[in-house]
Amino acid sequence: MHDAIIVGGGPAGSLAAKDLAKRGMDVLVLEEHESVGVPQHCTGLITENTIHMSGVRPDILNTLYGAEVVFPNGQTITVRSDKPKAKIVSRVDLDVRMAEAAMDAGATFSFSDKYESHKVDPGVMVHSTTGVHEAKVIIGADGASSKVAMSLGDNKPKEYIRGIQADVKYIMEDQSIFRVFLGNSVAPGFFAWQIPCGTFTRVGLCTSWSAGSPSEYLSDLLIRMGMEDRIIKVYTGKIPIGRRPQIYGDRCLLAGDALAYVKPLSGGGLYPAFKANEHLVRTLEGAIESDMLFSRDLSGYEQACTMDFGKDIDRAYGYRQRYKYLTDSDFNRCCDIIRKNDLIPILEGLDIDHPNDTVKKITKMPKVVISALPLVMRSVR
């Protein structure tokens, strides 16, 4: 019997596997693909701190110091820092290195092995395409459409957003900043991006699920940029926004996108996944040894995640609820508010892992609150 079976060999699954194996536990990872890192879904834009938390050093494609925000009417605002704000990493390389680190720690990976179901009686009997595996606990790190998560009941996140991006043969003149495009004609319910990656450029966007397929919006954006004939590769995926009702059950915990503790304002999932892993490992460390792995024994996992960063995610989801209903005129008005209230220096201090800190500073400024009040009122649903 394994101590833990982890479904999914992405970053969250690999990090959990490594940390549990380092503590002497017998860990089996079921990975449905032939290798980790493919298909790629993420932009690869993460902070140096998130890279450090991964425990590996992936290939760095570029270092970013700021962003240019493009509003629907064509106005732009550029925020730039003397210090690096983010790195563009090769997500394939990150995933591979993290899986290798887990294997080096003693975890076993079973590739081309797809999870089908599991049953608690009295341990965990996991059915996959290669047979039946037995463990003390199962960890669902199987992504946005997690079957393990749905085994806990009606357990969908609050919403999904759809994403698509393309790597194109184009070298941006300024490699130090990326561009963000706002507006419902560009990316309804979210935003679009243009990221310099050295020898190529990554162009993509996410949209609310109700907006339909994002491919048409990407096509329009690439045509506008004159890049429709320069596509190297296209990636698609969906992102869970708003945490699931249940993240633990009898002999079961969720991790990564399956957990759905994704940053609602940016769609970034690696930083919260790595933060959650600290609590997952701490929760299981004693529980596996004592075989106290029922729901009541694992409830501390959710409590710890909530106290650490879950409240910030909930607060950011509240901001997102308002953001979704902004019109293009509202976005243009936001540009005016930023300029008139000299908010660019505050925005230049933004930490993409902790955007709520910057939002708090801005909302404490009376002039800003008064000028933005009509936008806030219109966006309430």
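Counting from 4, one number per residue, gives the positions in the sequence shown under this note's numbering. From the three backbone atoms N, C-alpha and C, an ideal C-beta is built for every residue, glycine too. On a predicted model such as this, the values are computed, not experimentally measured, just so you know.
- Per DSSP, reduced to three states, the secondary structure at residue 128 is strand.
- The three-state secondary structure of residue 284, taken from DSSP, is helix.
- When DSSP states are grouped into helix, strand and coil, residue 165 belongs to the strand group.
- Within the stretch 194-274, the complete alpha helix (DSSP H) runs of at least 4 residues fall at 218-228.
- In the DSSP secondary-structure assignment, residue 170 is bridged to 205 and 236.
- Around the beta carbon of residue 280, a 10 Å sphere encloses 16 or more other beta carbons of the protein chains shown; the residue is thus reported as buried.
- Put simply, the backbone Cα of residue 153 is about 7 Å away from that of residue 159.
- The continuous stretches of beta strand (DSSP E) do not include residue 347, which lies in the alpha helix (DSSP H) extending over residues 347-350.
- Residue 302 and residue 251 have their C-alpha atoms roughly 7 Å apart.
- Sorting 214, 94, 276 and 211 by C-alpha distance to the C-alpha of residue 145 places 276 at the top.
- Excluding its 5 nearest sequence neighbours in each direction, residue 20 has C-beta neighbours in its own chain below 7 Å: 9, 30, 32, 105 and 110, listed in chain order.
- Per the coordinates, the alpha-carbon of residue 344 lies some 23 Å from the alpha-carbon of residue 327.
- By the criterion of a C-beta distance shorter than 6 Å, residue 173 is surrounded in its chain by 204, 230 and 233, once the five residues flanking it on both sides are discounted.
- In terms of Cβ geometry, residue 285 and residue 307 form a close pair [threshold 9 Å].
- No residue range can be given for residue 344, since it is assigned to no beta strand (DSSP E) and is classified by DSSP as neither H nor E.
- The beta-bridge partner set that DSSP reports for residue 183 consists of 72 and 196.
- Per the coordinates, the alpha-carbon of residue 297 lies some 14 Å from the alpha-carbon of residue 288.
- Proximity of the stretch 329-347 to the stretch 58-75 meets the contact definition, three or more beta-carbon pairs being nearer than 8 Å.
- Annotation: residue 194 to residue 341 spans about 18 Å, alpha carbon to alpha carbon.
- Assigned with DSSP and collapsed to three states, residue 312 falls in helix.
- Residue 240 counts as buried, since no fewer than 16 other beta carbons sit within 10 angstroms of its beta carbon.
- Secondary structure at residue 100: helix, using DSSP grouped into helix, strand and coil.
- As far as DSSP is concerned, residue 340 takes part in no beta bridge.
- Remark: C-beta atoms of residue 151 and residue 167 do not approach each other more closely than 9 Å.
- Of the other Cβ atoms in all chains shown, 16 or more fall within 10 Å of the Cβ of residue 189; this residue is therefore buried.
- Distances from the alpha-carbon of residue 236 to those of 207, 219, 262 and 256 put 207 closest.
- The secondary-structure analysis by DSSP pairs residue 292 with nothing; it has no beta-bridge partner.
- In the DSSP assignment, the residues bridged to residue 134 are 131.
- Each of 313, 61 and 278 was checked against the Cα of residue 267, and the nearest Cα belongs to 313.
- DSSP, read as helix, strand or coil, puts residue 51 in helix.
- Beta-bridge partners of residue 118 (DSSP): 131.
- The beta carbon of residue 353 sits closer than 6 Å to those of 361, all from its chain and outside the five residues before and after it, given in chain order.
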